Each structure stands twice: as C-alpha cells, then as structure tokens.
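Visitor:
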Amino acid sequence: MTRIVLLLIAFIGQLYLMVHASQTVLQRSRNLWTVELSTEWDVLGPFPIHAREQQYLSPSFPLNLSESIDLNATYPSSYADNGRVTWSHAESDAKGNLEVSFPGVRWKSLRDTEGWAALQHHAVLRTTLTVQPPSSVSQTEVPPPHLLVQIIQGSYFTILPKNDACKVATPKWYAGNIYNMERALPRAVELPCAPSTVAPTTYHLFVSGDYEVFKSKHTLLRTLPETRREQIRLFGDPHVQNSEVPVQMISINMTVEDTILDVVHEDSLDVVCDFVDGHAFGDAVGIALRSVSGWWTVDGINMLDGDSNVESQSYLVERPAHVRNWQGIALQLQKSTRLAPSQTRIVPFRVSQTKPFTGTNISFELTLSSTEPENTQKTLSITVPVIQVSQWSSSSASLINGTYFFASHIPTLFVAKTPKFENDGAPKAPVLALHGAGVDVVTQTFWPDALPQKNHSWIVTPTGRTSWGLDWHGPSAQDAWGSLDALVTILKNNTAWHPWQIDPNGRAVVLGHSNGGQGAWYVASRHPDRVLAVLPAAGFIKSQAYIPLTLSRSAHYIDPSLRAILESSLTPDDNDLFLTNLVDTPVFAIHGGNDENVPTWHSRELVSVFEQWNPNSSITFKEDPGQPHFYATVFDNEQVQSFLDQVLEKSVPPSPSRSFTLTVALPADSGSLHGWRIDQLSIPGRLARLNVRVDDGQVHVVSSNIKAFSIDTSVFSVHPDSLWVDNTRLQLPSGTGQAGPVISFRAVDFKVWKVSPTPNTVQRSGRVQTILSADHAPLVFVVPDKNNERELSVALRAAHDLQIYHRLDAEILRDTEVSSSIGLGNLVVVGNDAALAIKRTFGESSVKKPTPGNVDGPGLGLVFLHPHPANKDGKMLLMQSTDDSGLERAARLFPIRTGVTVPDWVIVGPDADKVGAAGVVSAGVWDSDWDWNPTMSWVF
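According to mature numbering (1 follows the signal peptide of the UniProt record, and there is no 0), the residues represented by the sequence shown are -21 to -1, 1 to 919, in order.
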C-alpha cells in the first residue's frame, strides 16, 4: 500500500509539471500549424505473406507509387475467389482507429488446409492528410512543420505529395509501432514537400497493413481487468473473438510538433531505481531527452536542492548553472551524450551516496551545448520522482525496481522479488523469470505476482529490453543475464543486504511463460553452464513452427540454394536443434491442454526431441487438461513448486553424463557445456557439434564443423594423457592448467588438432542481427557530412526503432567526425561516402567487398557485417547502395525484429519489391576469419 501511495504522489506531481509546462508552451506559441487526417480510406488486398516478409517486399506491394493509381484496377491474389482483388473502402473513427477486414474471402476454407499461416496477409491502405498553415500575419517566415506520427499495429507508412507539381522519386518508409510497444514516442516526420503558408496542403498517407497471428495476447488479456484489455499485441486468431474473419486493428495519430522548443524531457522513458531504506537499488539513472531541432550535446550536470523552477521543466532556458550536493546524493554523467535532430536518447548517470537519501524526488540541471548554427550553451532543469520502499522482511514479499548499466552505458531496469528469509547457510541461486510477449514488467506486477515467493531465493524479472524485446535472443538474452549479475552486485555492495546475498557463481533456475517459455528454452540451451534447471511454460519451438512459412510469396520465385543460405540466419533461434545442450539439466515443461495461443503440441514435441537425445534424461512434462494459454496455477501448484524447491535448495550445477553433445550455431552468442566451448566454426552458417564421451578415464571427443574449441579445466578435469580428439590422442603440455584453467585447441587441417598457445578468439559473424549485441554502447551510426539527407534519415529511423523496440542507445556521427578513437561500440555505416571515410581513417583494408567483382546496377541495396576497424571484439554493419531506392531496400533489412532472414551479407535488387527475398542478387555468410566462404555464398 505504501508503494502505491508513493507512486500516486509521484504521478500527481509529474501531472502538475506536465500541465504547467504545456500551459507555458501555449503562451509562447499561439499560432501553430495543424493537421487533419481523413477518416476515409482506400484499401487494396488481401495478399498472402509470411511473417516478416514485408522486410523484403515493397510495403506498397503490389503498387508502384511512382505511377498513378487506378482505383478500378484488379490485382492477382490467391485469397480471393476467381483470384483477383480490387480496391475497397474503410472508415476510421474520429480518434484514428481503423479496422480493416475482407469478409468476402473464404477464410475458413483457407485455414482448413493451411492453418494459421493462411490468416497472415498484406494490404495497402491509403488516405489523405491536410496541413493547415498558422494564422500568423508573418506567414512568409513560418518554418515548415514536423509531424509527430504514431501508427500502432501498422508495419510501415510513408507520406507523399498529392500535388503533381511536387514529385518524390523514392518514398521514405517509416516503421510503425506494430507491437504497440509501451512508452513509445511518436516519430518526427518531415513532410516530403513544404506546405503552402497561405492555403491548406493535402498529402497522401500510405500504410502497409500486415496481419500477423504471431504471439497475440488476446487469450491472456481476457483474464485481466478491463483496464488492461486495450493492450492487445498484434492480431491473433480470430477464433478468440468468435469469428472466422481476421481483422487488422490499426491506430493512427498525427499532431504537429511545436518547433519553438529545442530539447524536451520525455519523462515516460526515464530510468530510476527504487530506494530501499534510503539506499539506491542500483547504480544507474537514465534521463530521456529528445532534440526537437538541432544537434545538442549533454555534457554536464549540477545537483539542485529540489526547489527548481517548475517553468523550466519542459524547455531550455539560458541561466547560470549552480552546483549543490543535495542530501548526500549525487549523479555523475557517465558519458557525454549527443542528440541528432528529432532523436531521443537516455542520458546515463551513475548514482553515488554519502548517506541514506529519503527524499521523494531528485532535482538537477543539465548543461547542453550546440555548435549549430552557432555556439550555444543552455541548461535544462529536471526533477525526477523517487520511490522509497522499506527494507523487506520475512513477513511480506517486496517487488523492487533495480537498475544497472547494460552494455556499460545504457541505464536499464529490472524487477526483483525478495525471498522470505535471510540465508541460513551458503547463499542460494535465484530464479530468472522471463515474461511473455507484450508483458511490461516495469509498470505491471502481473508477471512477478504469478510466481510464488521462495524461501531463500530471489526472483529476478528482467525486461528483456522491452515487453517484446528480441524474443529473449541477442540483446534480450544479454539483458537477462545482466540483470541477474546486477542483483548480485547490488546485494554485495550494501552490508545491510549481505544476509540476503545470492550465490555469486552466476547460475540460476530459468523459467518463463509463452514467449518467455520459448525464451527459457533458448537462454538455457545457449548457456547451459549457467543453468541449474529449466521450467518453460507454454513455450513455442521456433517462429517457423508457430506460423509456418508455407504461404511465402518469395518461395514461388527463389532458388532453393539461396533460400537455404538466407534461412541459415534463422538457425540460431531454432530451439529444437540445441536440446542436446540440456540433456543433463533438470527440465520441467508445462503447457495448458487447451492452449489456443501456443498449441500444446509444441511442448510435447520439444519433450519428444529431448528424450530422443537421452531417453534417461531428467525431464518432466506437465500438461494441464482443459487449461488455456495462461492460468493462475501454471507455476503456483505443489508439483512445480516442489521441483523448484529441490533444485534451489541444492543450488549445484548438473553433473555431466558419460556422453554429452554441445551444439552451437553462433559461437559469440553461446556459452559452455560442462566447461567445453565451441569458439569457431569450420563453415559458419552450419551447425557445429562437439560430442564428449568419458570411457575408463579416457576422454574421447568427436567434432563436427569445428575450427576451434576450448575446455575450462576448473569445470571439467582432463588429465594430460587422456584426451582423444577425432581418434587422435592429443599430448597436452606438461603442467596443463597451471597457467590458467582454460585450454584452447585449433584445427590445423581437417580434424587435425593442436593445442593453441594463446586463447581462441570467438567467432562473431553469422548473421546481421548480431550487430545488436555488444559489450559496449552506444551503437554508432556514421553518415556522410555533405548531401546526407537520405542517409541521415535512414540513421534517424533506425535509431528511433532501436529505442522503441529494444531501448538500445544509438549515436549519430558525420563522417568528418570519425577518428581512430571512435569507441568500442558497434558501428553502422550508412551510405557510400561514409564507407569511404572509414577507409580513409582506418585504412583500405578496413572495408572489404562483399562479393567478387563490382556491384553495379540501379536500385541495389547492400547490407553486410564486417569486423570493427578499431575493436577486435566488435562489429561493423555497412549499408550501401547504388541509389536512393537501393538504400531504402537496405534500410528495411536493418534487424529490428526476429525472423528476418539476413545472413552476414545481402545484396538486394529492385525485383524484391515484387517477389520478396527472391529479389536478392547475392548473399552469404563469412568464414570464421571474416573472409569469403564459397560453401555458404550465393551469387546470381
């Protein structure tokens, strides 16, 4: 109750500030542009499409927006009787809510043979928006407006002029908020042509509407209070709504941004830890700022006394900064943070204390500077609310928001549920609890409340970056382990919390529900040595099994060998392929017998595959007859809790069988099994397996597609004369393990091995999506300094998507700002001129060609992963093109969502607009040394 009251007080305070600030803005800018969105929509569709195929297809498929549109034309579609569809009409309500359906399609007949795959479809939606100029008398001096656009559950949108006098050769496609992500800011969009300052100007708005069944929360939300039911993610099975007809539900909101402001504080994205008895539960604070116009750098902070001027909360004011240490608490700027025009970033601060802090808010001033158009320095006053909670005890459970720095610089939240009692001996391992898709653990307690409190074990609930994240892959998995490690450090650093410490070995029991159940299979099988047991509930196997790709448009045109190379980028996510890594781990799989969201057969099949690898494995399957996707007792029952208690009480890692097999697809994203690790693959893009068998004291190893591996002898003991690799005895050096516990091995020929005198480097290639995973932030975008309008737009769009979907930080540099001290974060180089700047700075060899020969031709987009020029552990992604349309195609392949088939490098041509991935000109996976890999390359 105390927590709720404090939250309410903080909310009322923030509401007051917001209202006061908005009144101030209105006083300063009475005459604004306005925009009106028509409620009348033209609709073309449906067309069959598989999930994520719109990343390759043109969002306007089958239209060419450079040509006039005939509303009487018909188009081929296998979903319609007689195989043709034409334009239809739809109306949105006054709030911009639009429902699109095609009741004339015989959906039941389609799904009777094709299942859920038949429900997924694409449509093109078109309406108009009208921009009204301000009523100011000095209209000639009025700058063109920026629109703030929020399109929820639409995949892409673009704005084009309606007037033929203004032509746009290549539309800019902006990603919509298709997942309805929490706390998502609208996107700032520049109009393609400046509107008239004396009369209304009308534009076309095109939206790519794509119906996806994938991981809808319909079923879950039916069990929740009415106030939560509006948060439906994607569309789901229409049967849940007692209908055969799938309905796209899209929401569009547009406003005009008041550009009189320079930088605004977006407090909904702030990251602030709770304070327990006055002590910060974490060391990170993040303040979200958005540049309305101009390039601004946050380069200083001064603490205030808490009585800062409310009027300065929402815009920059020029006034002297003053320094005051307030109540024993201070924030230190971790890294100067630059904002590009329209960009939002979370500015990182480290918390330090000299005594307990009991206040309900923290006030400070930020110093900002800009060099454009002239040198300017201003300050921005900020007040953030603080939640104070009492020290937890055995009488009641507490949920505490903790923070840490993800990838060294990104302030990140997690939620920790306290144990009932202090440690009664050695600290116990925690439970790592992975939420389902669309569940926001920051503002909703639904998920941690569903997990019974444990006697001596903490329950750690990471965000996974956001409520969807990357399906607990890549940075989402990184965040899961990072949250656990952060809690270990937080408890260790405060002596009052030492009786509640966690086992410092970093191991945990991993459980999850729905997408989190899939995530539990994923996280545990990729890092088995960190896992004591796994409890996946209602988890799906992989995306291709959840919604098959059978109705793919590109499949009708693509070379099967090209398709195999492209789909190799999905292999790292296929949980069934990696179950070998868990056969020694206790597993308790759970599924409702009448799950209409994730069919029950997924868990049954995973258990079947598991037992195929080891019929004597420790796996239990609990199918609850008649239960839906989520039910209150999914984890809260005696059988599950008894299993969990037994594992947590022991808190010891599983012992190895006499024979076990490690399976790896991406070495950089995979950990060890019983101390054995695969570091490099012989042919990246294919699976690698390492079988270890112990027989009469001899260790026999059989490798498959492995170039380098290692053993941690502190985990798995190997005697110097007992190791056989691929039927050859390896003589280990005398004193093995004395210089360090890890022994590295490297193939010098096919299955000919030697001990490496230096540690193996870990292969980091495999697919473009790995650009999102890094030990250091931010992700740095490099764009040309001159004539960069298109490249800067691509970088800003990608940075916006990264912030919404993953809360990943991005910095944008112009190529003239690139230096040898560019930093350790991964790089994204946008445009040909920016790539040339990398070559000039780091040498000609810093950028390789993706294919032999020259790349030439109109409309080609190039996306390829590359070693970081200044960080051996980092990566660089180059996005190049032969023209603007090619760059737009490359931009749509930037890895925001899972399930997009992009290996290490892809060259995509204009045919992709019509035939999807079949329009790829060349594609491939690098070898383990970032060189040409002929086995996993396809060239047209």
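The beta-carbon is built from N, C-alpha and C at its ideal position, and this holds for glycine as well.
No experiment lies behind these values; they were computed from the predicted model shown.
#1: Quick one, which of Glu401, His452 and Leu792 has its alpha-carbon nearest His477's?
#2: Starting from the C-beta of Gly496, find all residues in its chain whose C-beta is less than 7 Å away, skip the five residues before and the five after it, and write them out in chain order.
#3: Hey, could you find the ends of the alpha helix (DSSP H) Tyr784 is sitting in?
#4: Rounded to a whole number of angstroms, what is the C-alpha to C-alpha distance between Val103 and Gly24?
#5: Could you work out which residue in Gly895, Val168, Phe336 and Pro848 is closest to Pro41 when comparing CA atoms only?
#6: Find the nearest neighbour of Lys399 within the set Gln423, Asn380, Leu413 and Ser372, judged by alpha-carbon distance.
#7: Rank Tyr610, Pro594, Thr564 and Val562 by C-alpha distance to the C-alpha of Glu575 and give the top, closest one.
#8: Would you mind stating whether Gly75 and Asn232 have Cβ atoms separated by less than 8 Å?
#9: Going by the DSSP bridge assignment, what does Met855 pair with across the sheet?
#10: Please report the distance separating the alpha-carbon of Trp20 from that of Leu36.
#11: Starting from the N-terminal side, write out each stretch of the beta strand (DSSP E) that is 3 residues or longer and does not extend beyond the region 48 to 122.
#12: How would you call Phe136, buried or exposed, if buried means at least 16 neighbouring beta carbons within 10 angstroms?
#13: Tell me whether Asp284 counts as near the ligand COA, meaning its Cβ is closer than 7 Å to at least one heavy atom of that ligand.
#14: Can you have a look at Lys765 and say buried or exposed, based on whether 16 or more other CB atoms are within 10 angstroms of its CB?
#15: Following the continuous beta strand (DSSP E) through His183, name the residue where it begins and the one where it ends.
#16: Less than 8 Å between the C-beta atoms of Phe600 and Val586, yes or no?
#17: For Asp284, count the other beta carbons within 10 Å of its own beta carbon; 16 or more makes it buried, fewer makes it exposed. Which is it?
#18: What does DSSP give as the partner residue(s) for Tyr135 in the beta ladder?
#19: Just how far apart, CA to CA, sit Glu46 and Arg509?
#20: Select from Val128, Pro174 and Cys172 the residue whose C-alpha is nearest the C-alpha of Asn156.
#21: What separation, rounded to the nearest whole angstrom, lies between the Cα atoms of Ile750 and Glu617?
#22: Go ahead and pull the three-state DSSP assignment for Val467.
#23: Alpha carbon to alpha carbon, how far is residue 933 from Asp863?
#24: What three-state label does DSSP hand Ser349 in the structure shown?
#25: Using the three-state DSSP reduction, which class does Ala902 fall into: helix, strand or coil?
#26: From the DSSP output, read off the bridge partner residues of Leu23.
#27: Could you tell me the boundaries of the beta strand (DSSP E) in which Phe557 lies?
#28: Nearest-angstrom Cα distance between Val900 and Ser916?
#29: Under three-state DSSP, which class holds Trp274?
#30: Could you tell me the distance, in whole angstroms, from the CA atom of Lys334 to the CA atom of Thr740?
#31: Since Arg581 is in the alpha helix (DSSP H), which residue starts that stretch and which ends it?
#32: What do you get for Asn494, buried or exposed, if any count of 16 or more other CB atoms within 10 angstroms of its CB means buried?
#33: Quick one: Cα of Val562 to Cα of Lys433, how far?
#34: Mind checking which residues open and close the beta strand (DSSP E) that includes residue 982?
#35: What residues match up with His570 in a beta bridge as DSSP calls it?
#36: Please state whether DSSP places Tyr536 in a helix, a strand or coil.
Guide: For this structure:
#1: Glu401
#2: Pro515, Ala516, Ala517 and Gly518
#3: Glu768 to His785
#4: 7 Å
#5: Gly895
#6: Ser372
#7: Tyr610
#8: yes
#9: Leu806 and His845
#10: 22 Å
#11: 53 to 55, 63 to 70, 76 to 80 and 100 to 111
#12: buried
#13: This structure lacks the ligand COA, and indeed carries no ligand of any kind.
#14: exposed
#15: Thr180 to Tyr190
#16: yes
#17: exposed
#18: Ala154 and Ser187
#19: 57 Å
#20: Val128
#21: 43 Å
#22: helix
#23: Any question about residue 933 goes unanswered here, given that the chain covers just -21 to 919.
#24: strand
#25: strand
#26: Trp66 and Val103
#27: Taken as a continuous stretch (DSSP letters only), Phe557 belongs to no beta strand (DSSP E), as it is neither H nor E.
#28: 11 Å
#29: coil
#30: 44 Å
#31: One detail in the question is off: residue 581 reads as His in this sequence, not Arg. Residues Trp580 to Trp592.
#32: buried
#33: 26 Å
#34: As displayed, the chain neither begins before -21 nor continues past 919, which places residue 982 out of reach and without an answer.
#35: Glu602
#36: coil
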